[in-house]
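Q: For the record, the sequence lines run as chains A and B. Sequential numbering from 20 applies to the first sequence in the working numbering. Sequential numbering from 20 applies to the second sequence in the working numbering. Input: one structure, supplied below.
2 protein chains.
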Amino acid sequence: MINTLIKNIQEKNAPIVVGLDPMMNYIPEYIQKEAFEEYGETLKGAAKAIWVYNKGIIDATYDLIPAVKPQIAMYEQFGIEGLIAFHKTCAYAKEKGLVVIGDIKRGDIGSTSTAYAVGHLGKVKVGSKAFSGFDEDFVTVNPYLGTDGVKPFVDVCKEENKGIFVLVKTSNPSSGEFQDKLVDGRPLYELVAEKVVEWGNECMGDTYSNVGCVVGATYPEMGKVLRKLMPKTYILVPGYGAQGGKAADLVHYFNEDGLGAIVNSSRGIIAAYKQEKYASFGSKNYADASRQAVVDMIADINGALGR
Amino acid sequence: MINTLIKNIQEKNAPIVVGLDPMMNYIPEYIQKEAFEEYGETLKGAAKAIWVYNKGIIDATYDLIPAVKPQIAMYEQFGIEGLIAFHKTCAYAKEKGLVVIGDIKRGDIGSTSTAYAVGHLGKVKVGSKAFSGFDEDFVTVNPYLGTDGVKPFVDVCKEENKGIFVLVKTSNPSSGEFQDKLVDGRPLYELVAEKVVEWGNECMGDTYSNVGCVVGATYPEMGKVLRKLMPKTYILVPGYGAQGGKAADLVHYFNEDGLGAIVNSSRGIIAAYKQEKYASFGSKNYADASRQAVVDMIADINGALGR
Chain A
20 MINTLIKNIQ
30 EKNAPIVVGL
40 DPMMNYIPEY
50 IQKEAFEEYG
60 ETLKGAAKAI
70 WVYNKGIIDA
80 TYDLIPAVKP
90 QIAMYEQFGI
100 EGLIAFHKTC
110 AYAKEKGLVV
120 IGDIKRGDIG
130 STSTAYAVGH
140 LGKVKVGSKA
150 FSGFDEDFVT
160 VNPYLGTDGV
170 KPFVDVCKEE
180 NKGIFVLVKT
190 SNPSSGEFQD
200 KLVDGRPLYE
210 LVAEKVVEWG
220 NECMGDTYSN
230 VGCVVGATYP
240 EMGKVLRKLM
250 PKTYILVPGY
260 GAQGGKAADL
270 VHYFNEDGLG
280 AIVNSSRGII
290 AAYKQEKYAS
300 FGSKNYADAS
310 RQAVVDMIAD
320 INGALGR
Chain B
20 MINTLIKNIQ
30 EKNAPIVVGL
40 DPMMNYIPEY
50 IQKEAFEEYG
60 ETLKGAAKAI
70 WVYNKGIIDA
80 TYDLIPAVKP
90 QIAMYEQFGI
100 EGLIAFHKTC
110 AYAKEKGLVV
120 IGDIKRGDIG
130 STSTAYAVGH
140 LGKVKVGSKA
150 FSGFDEDFVT
160 VNPYLGTDGV
170 KPFVDVCKEE
180 NKGIFVLVKT
190 SNPSSGEFQD
200 KLVDGRPLYE
210 LVAEKVVEWG
220 NECMGDTYSN
230 VGCVVGATYP
240 EMGKVLRKLM
250 PKTYILVPGY
260 GAQGGKAADL
270 VHYFNEDGLG
280 AIVNSSRGII
290 AAYKQEKYAS
300 FGSKNYADAS
310 RQAVVDMIAD
320 INGALGR
């Protein structure tokens, strides 16, 4: 699956991913109103609004971007109905040729991790048949439980030609509380990075591994070191834009082949119409504002990369 | 919510929790057959079988136990239909007076963690209304992202009188890969434990905090140290039985007040009828086998505790 992601990135000359993390207050009022008129102010109404909003963004941007990254928490908060909207969003994005990175940050042990992997990347057996639950292309995985937690995902990736991104260094201010702690003089996240390489060697694509990692844009010095530690590992980079990461900081997340990183923006794209810069689009044209924000983001990052 | 859990434990004299982690191969064939006759070999058929199986176990054990711990991965693998069975199981267990610990091991940052917390423990706003998504009483939380990831759960716990159990030292063989790494001479899990105490101080019940932790039964020496480090933290203990943890090992997870720990068994209870010891019940009476396994587990643990 990493081959497909790279192909998409190259064809569109866009090392970016759009985070579909819909908050209710991002969704233009007219969409909410229509959904509530149909289903009332209910979980189903909220889910309908989310789906319509997402579809608008996908329709307006799919030809420019290689991938989307729906954050499942934003759907899960609306219970079953929200998760139906998540599933529908993933399926629609795939229909449009996009790679879907499910930002699920799951992680457990043994048969439990297998269950997550099967549900999100593989197929579950029911009697003599097998079904996909959510069917993303990649998911994000939390490594705190060690190899027992990650290996079952890798096994499913091998069987199904899917991929994962393992959290190494997250973009948030307190990520250092545990991740930066020094172990024999080296930060914990470097130890995690070494394991990512080990897990990834088992599941290689042509040039990069199907086991990628997450390193926040907000820690560029660490990104530079981690890039070198994991030469064949694709880095999913959150934290650009709204969280403070700048394009110039991201140069060292890439390899010399111009590959190796994919930069996420969520709020900065999907709620672009709320920024002063794109306010002239108005809420009715929120999706066009998102398209313009995508164009600008690609130019910003490619500019920093000198291409 | 920790007060309610403790009250349940005391009334039933049973510091245990039954892990509702249904694997298809645990579910007696006659239940699967009936479900497949109704819905075919589909995700809906699987979900029906899981629900019937769970209901049988809850009906047969609810008067003996304080709580259940459904492992959401085992439901999530069946997609939306599986999650409907999860929701139904949680609701039914609550109807029967049980405390529901959602074993979801979620963890993200900021508004994303808030979304998980709201979806599983609180209420999400939709227009002028508010709805519960899954409505568990407690959930398990992964601490790898630091305070930014856990604090939003604590905030929702305060508002809604709910609780969490934060992963400190998990029961699996490779849990030491990161959790045991020495930081200034002390294992990482102790640093996590100190943070658990800090987070927990903000959200106290009468004698224990609504912020508990997870420490595996398979590491009793570590359990002993962690018990002392976190005197007011309830410890959820996985790994008893099938994973190798013995009752005698668990004594030091408890405080002198006889409280402070709740021991989970999943497979050992819900698939008891598959063990030689309970085979005479037969698959038709799988729930009675589970009841007997609960009686035996309570006796085993209370025996080790000398009461």
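Beta carbons: idealized from backbone N, C-alpha and C, even for Gly.
Could you give the first and the last residue of the continuous beta strand (DSSP E) run that contains residue 19 of chain A?
A: In the structure displayed, chain A extends from 20 to 326; residue 19 of chain A sits before or after that span and is not available.
Q: Among the residues of its own chain, which have a CB less than 7 Å from the CB of residue 33 of chain B, if the five just before and after it don't count?
A: Closer than 7 Å at Cβ, skipping near neighbours: 83, 84, 85, 317.
Q: Strictly by DSSP, which residues pair up with residue 281 of chain B?
A: Note: residue 281 of chain B sits in a beta bridge opposite B:255.
Q: Would you give the residue range spanned by the beta strand (DSSP E) that residue 270 of chain A belongs to?
A: Taken as a continuous stretch (DSSP letters only), residue 270 of chain A belongs to no beta strand (DSSP E), as it is neither H nor E.
Q: Taking the straight line between their C-alpha atoms, what separation do you get for residue 17 of chain B and residue 266 of chain B?
A: In the structure as shown, chain B begins at 20 and stops at 326. Residue 17 of chain B is therefore absent and cannot be evaluated.
Q: Please report how far the alpha carbon of residue 119 of chain A lies from the alpha carbon of residue 187 of chain B, in whole angstroms.
A: Rounded to the nearest angstrom, the two C-alpha atoms are 32 Å apart.
Q: Of the residues A:48, A:125, A:309, A:214, which one's Cα is nearest the Cα of residue 248 of chain A?
A: Checked all of A:48, A:125, A:309, A:214; the closest Cα to residue 248 of chain A is A:214.
Q: Relative to the C-alpha of residue 255 of chain B, which candidate in B:272, B:193, B:240, B:162 has its C-alpha closest?
A: Checked all of B:272, B:193, B:240, B:162; the closest Cα to residue 255 of chain B is B:272.
Q: Looking at the secondary structure, which residues open and close the beta strand (DSSP E) in which residue 89 of chain B lies?
A: Element bounds for residue 89 of chain B: 86 to 89.
Q: List, in chain order, every chain B residue whose beta-carbon is nearer than 9 Å to that of residue 201 of chain A.
A: Here the neighbours are 202, 203.
Q: Please report the distance separating the alpha-carbon of residue 224 of chain A from that of residue 166 of chain A.
A: Whole-angstrom Cα-Cα distance: 21 Å.
Q: Hey, could you find the ends of the alpha helix (DSSP H) residue 231 of chain A is sitting in?
A: No alpha helix (DSSP H) holds residue 231 of chain A; the beta strand (DSSP E) holding it covers 230 to 234.
Q: Among the candidates A:153, A:192, A:152, whose CA atom is the shortest distance from the CA of residue 170 of chain B?
A: Nearest C-alpha to residue 170 of chain B: A:192.
Q: Are the C-beta atoms of residue 316 of chain A and some chain B residue less than 8 Å apart?
A: No, its Cβ sits nowhere closer than 8 Å to a Cβ of chain B.
Q: From the DSSP output, which residues share a beta bridge with residue 125 of chain B?
A: DSSP lists B:160 as partners of residue 125 of chain B.
Q: Just the Cα atoms here: how many angstroms apart are residue 132 of chain A and residue 26 of chain B?
A: Their backbone Cα atoms lie some 33 Å apart in a straight line.
Q: Out of A:172, A:164, A:178, point me to the one whose CA is closest to residue 185 of chain B's CA.
A: For residue 185 of chain B, the nearest C-alpha among the options comes from A:164.
Q: For the alpha helix (DSSP H) containing residue 172 of chain A, name the first residue and the last one.
A: It spans 166 to 179 - the alpha helix (DSSP H) in which residue 172 of chain A sits, taken as one unbroken run.
Q: So residue 55 of chain A contacts chain B; which residues on that side make the cut at Cβ distance below 7 Å?
A: Those are 146, listed as they occur along chain B.
Q: Of all Cβ atoms in chain A, is any one closer than 8 Å to the Cβ of residue 214 of chain B?
A: Closer than 8 Å to some Cβ of chain A, the Cβ of residue 214 of chain B qualifies, so yes.
Q: What is the DSSP secondary structure of residue 184 of chain A, counted as helix, strand or coil?
A: Reduced to three states, the DSSP call for residue 184 of chain A is strand.
Q: Residues of chain B with CB closer than 8 Å to the CB of residue 42 of chain A, please, in chain order.
A: Ordered by position in chain B, the residues that pass the 8 Å Cβ test against residue 42 of chain A are 130.
Q: According to DSSP, residue 38 of chain B sits in a beta bridge with which residue or residues?
A: According to DSSP, residue 38 of chain B bridges with B:88.
Q: Which residues in chain B sit within 7 Å of residue 103 of chain A, going by Cβ to Cβ distance?
A: Ordered by position in chain B, the residues that pass the 7 Å Cβ test against residue 103 of chain A are 99.
Q: Three-state secondary structure (DSSP) at residue 192 of chain B?
A: Of the three classes helix, strand and coil, the one that applies to residue 192 of chain B here is helix, per DSSP.
Q: How many Å lie between residue 313 of chain A and residue 37 of chain A at the Cα?
A: Their Cα atoms are separated by approximately 8 Å.
Q: Put residue 325 of chain A into one of helix, strand or coil per three-state DSSP.
A: Looking at residue 325 of chain A - three-state DSSP - the assignment turns out to be coil, as it is neither helix nor strand.
Q: Taking residue 124 of chain A as the query, report the chain B residues whose CB atoms sit under 8 Å from its CB, ordered along the chain.
A: By Cβ distance, chain B contributes 125, 126, 127, 161.
Q: Does the stretch 142 to 161 of chain B come within contact of the stretch 120 to 129 of chain B, defined as at least 3 CB pairs closer than 8 Å?
A: Contact holds: three or more Cβ-Cβ distances are below 8 Å.
Q: Looking only at its chain, what residues have a beta carbon closer than 6 Å to the beta carbon of residue 258 of chain A, apart from the 5 residues adjacent to it on each side?
A: So the list reads 190, 235, 236, 237, 264, once near-sequence residues are dropped.
Q: Cβ of residue 89 of chain A versus every heavy atom of the ligand COA: is any distance shorter than 7 Å?
A: The ligand COA is absent from the structure shown, which contains no ligand whatsoever.
Q: Counting only Cβ pairs nearer than 7 Å, list the residues of chain B close to residue 65 of chain A.
A: Those are 145, listed as they occur along chain B.
Q: Cα-Cα, which of A:200, A:210, A:101 is closest to residue 210 of chain B?
A: When each option's Cα is compared against that of residue 210 of chain B, the closest is A:200.
Q: Check the Cβ of residue 90 of chain A against every Cβ in chain B and list those closer than 7 Å, keeping chain order.
A: Neighbours of residue 90 of chain A on chain B, chain order: 131.
Q: Please return the same chain residues whose Cβ sits closer than 6 Å to the Cβ of residue 300 of chain B, not counting the five positions on each side in sequence.
A: Around residue 300 of chain B: 292, 307, 308.
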